[in-house]
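*Asks:*
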Amino acid sequence: MTVRWRRQKPDPYDKPWRTVDYAVVDLETTGLDLRHDTIASYGVSVIRQGRMIVAENAYSLVRPESTMSADSVTIHALRPCDLTDAPPLSAAVAALDRALTDRVLVAHAAWVEQAFLGRAFRANRKTLRCAVIDTAAMARAAGLAEAQLRAEPNLEELAGELRLPVVSPHHALGDAITAAEVFLALATRLSRRGYHTARDLIDLTTADRALRR
Numbered sequence: 120m121t122v123r124w125r126r127q128k129p130d131p132y133d134k135p136w137r138t139v140d141y142a143v144v145d146l147e148t149t150g151l152d153l154r155h156d157t158i159a160s161y162g163v164s165v166i167r168q169g170r171m172i173v174a175e176n177a178y179s180l181v182r183p184e185s186t187m188s189a190d191s192v193t194i195h196a197l198r199p200c201d202l203t204d205a206p207p208l209s210a211a212v213a214a215l216d217r218a219l220t221d222r223v224l225v226a227h228a229a230w231v232e233q234a235f236l237g238r239a240f241r242a243n244r245k246t247l248r249c250a251v252i253d254t255a256a257m258a259r260a261a262g263l264a265e266a267q268l269r270a271e272p273n274l275e276e277l278a279g280e281l282r283l284p285v286v287s288p289h290h291a292l293g294d295a296i297t298a299a300e301v302f303l304a305l306a307t308r309l310s311r312r313g314y315h316t317a318r319d320l321i322d323l324t325t326a327d328r329a330l331r332r
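Heads up: the sequence shown runs through residues 120 to 332, numbered per this note's numbering.
Following this line, the structure appears as structure tokens:
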């Protein structure tokens, strides 16, 4: 009898976190109903070799497929008339799919971005397959946010605690850039606590989410 051994593929993230590429994504949406609200704009900040690649930043408005809530108009300063001629969701999904290819998705309170992206991808016959790192989970692991609180740490306050600039709050690209800066600062701190690889940070996010369900 011949026994064939399947060679296990090496984990692409089991290497120093600085050697992995990331796409830091922020979405502005018509509201916070994960089942019915939709994307109104997105921002992407790319990280490569532990540095933000400004030339690869991406931002676009998106013609929403649901009505903007009054709160969203106030917070994001995006009116329905501003979005009438914006590209459709299908164009946003295509662009975000390209941005996330061969990169780890990083977001602040990433479960929100994952929910909206996952639904948008499914509506366009695509699957969101990327690994995910949550900067809110990283903040809790670094002792900069209360682990017991159900609320997520505020991105602007977290940046301030890390002595980082806050870029255009409540604007998708501004928040993506701020989240990218926060990610780099927290990853550096956490490496001193034993989180050396991208896999360590991905697993940290997975464990944090399991504890908070």
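Beta carbons are placed, not taken as given, at the ideal position from N, Cα and C, and that holds for glycine.
Does DSSP put V212 in a helix, in a strand, or in coil?
*Replies:* helix
*Asks:* Using the three-state DSSP reduction, which class does T316 fall into: helix, strand or coil?
*Replies:* DSSP, reduced to helix, strand and coil, places T316 within a strand of the structure shown.
*Asks:* Can you check whether the CB of V181 is closer than 8 Å to the CB of A205?
*Replies:* yes
*Asks:* How far does the alpha helix (DSSP H) with A239 in it reach, from first residue to last?
*Replies:* A229 to A242
*Asks:* How far does the alpha helix (DSSP H) with V301 in it extend, from its first residue to its last?
*Replies:* A291 to S310
*Asks:* Please say whether V301 and L277 have beta carbons closer to each other than 8 Å?
*Replies:* yes
*Asks:* Should the stretch 127 to 145 be called in touch with the stretch 217 to 227, which here means at least 3 C-beta pairs below 8 Å?
*Replies:* The stretch 127 to 145 and the stretch 217 to 227 touch, with no fewer than 3 CB-CB distances between them shorter than 8 Å.
*Asks:* How many Å lie between L303 and V173 at the Cα?
*Replies:* 14 Å
*Asks:* Where do the N-terminal and C-terminal ends of the beta strand (DSSP E) with R170 fall, by residue?
*Replies:* R170 to L180
*Asks:* Would you report the Cα separation of M120 and Q127, rounded to the nearest angstrom?
*Replies:* The predicted model places M120 with a pLDDT of 49, which falls under 50 and marks its position as unreliable; any figure quoted below should be read in that light. M120 and Q127: Cα-Cα distance of roughly 22 Å.
*Asks:* Which same chain residues end up closer than 7 Å to Y314 when comparing Cβ atoms and leaving out the 5 residues on each side of it in sequence?
*Replies:* L320 and L323
*Asks:* Just the C-alpha distance for A261 and L309, rounded to the nearest angstrom, thanks.
*Replies:* Rounded to whole angstroms, A261 to L309 spans 6 Å at the Cα level.
*Asks:* Checking 8 Å against the spacing of the C-beta atoms, do G150 and S188 come in under that value?
*Replies:* yes
*Asks:* Tell me whether R66 sits in a helix, a strand or coil according to DSSP, three-state version.
*Replies:* With the chain covering only 120 through 332, there is no way to say anything about residue 66.
*Asks:* Count the other C-beta atoms from every protein chain shown that fall within 10 angstroms of the C-beta of Q168, then say buried if there are 16 or more, exposed otherwise.
*Replies:* exposed
*Asks:* Does DSSP classify A270 as helix, strand or coil?
*Replies:* coil
*Asks:* Does L323 come out as helix, strand or coil in the three-state DSSP assignment?
*Replies:* Shown here, L323 sits in a helix according to DSSP, grouped into three states.
*Asks:* From D327 to A256, what distance separates their C-alpha atoms?
*Replies:* Taking the Cα positions, D327 is about 6 Å away from A256.
*Asks:* Using the three-state DSSP reduction, which class does A329 fall into: helix, strand or coil?
*Replies:* helix
*Asks:* Tell whether a beta-carbon distance below 8 Å holds between E147 and S164.
*Replies:* no
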